[in-house]
């Protein structure tokens, strides 16, 4: 079992979730719709100065599905290279 975490700009949330749902059968996940913070690229604080916000997607999947998710997120990242899309895995979760 692997825990996956995807953090990205809210503008790509639909792309990420729709592609994961299409690629992984019975893909169940939780989305935290508004995540604020600062990464290497920019601040996303939902304020008038830093208006953008991120979302966080969490899912527990088997190792095969984690590999598929990694490829899906990589494809979205190629399509939207400036949206700060991050993918993390925690194996054995």
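Residue numbers (the working numbering): 229 to 321. Beta carbons are placed, not taken as given, at the ideal position from N, Cα and C, and that holds for glycine.
Give me the residue from the options with the minimum Cα distance to residue i.
{"i": "residue 286", "options": "249, 259 and 255", "result": "259"}
{"i": "residue 289", "options": "299, 319 and 282", "result": "319"}
{"i": "residue 237", "options": "297, 230, 283 and 305", "result": "283"}
{"i": "residue 251", "options": "266, 307, 294 and 311", "result": "294"}
{"i": "residue 280", "options": "291, 261, 297 and 298", "result": "261"}
{"i": "residue 239", "options": "317, 232, 321 and 309", "result": "309"}
With DSSP collapsed to three states, give me the class of residue i.
{"i": "residue 310", "result": "coil"}
{"i": "residue 233", "result": "strand"}
{"i": "residue 266", "result": "strand"}
For residue i, report the span of its beta strand (DSSP E) as first-last.
{"i": "residue 287", "result": "282-289"}
Can you find the residues in the same chain that come closer than 8 Å, C-beta to C-beta, to residue i, ignoring five residues on each side of it along the sequence?
{"i": "residue 245", "result": "257, 259 and 285"}
Have a look at the DSSP bridge pairing and note the partners of residue i.
{"i": "residue 260", "result": "284"}
{"i": "residue 255", "result": "Paired residues: none, contrary to the question."}
{"i": "residue 170", "result": "Since the first residue of the chain shown is 229 and the last is 321, residue 170 is not available in this structure."}
Quick one: what's got a C-beta closer than 7 Å to residue i's C-beta in the same chain, skipping five residues either side?
{"i": "residue 321", "result": "229, 230, 231 and 288"}
{"i": "residue 228", "result": "Lying outside 229 to 321, the shown extent of the chain, residue 228 is not represented and no answer is given."}
Excluding sequence positions up to five away, which residues of its chain have a Cβ less than 6 Å from the Cβ of residue i?
{"i": "residue 266", "result": "none"}
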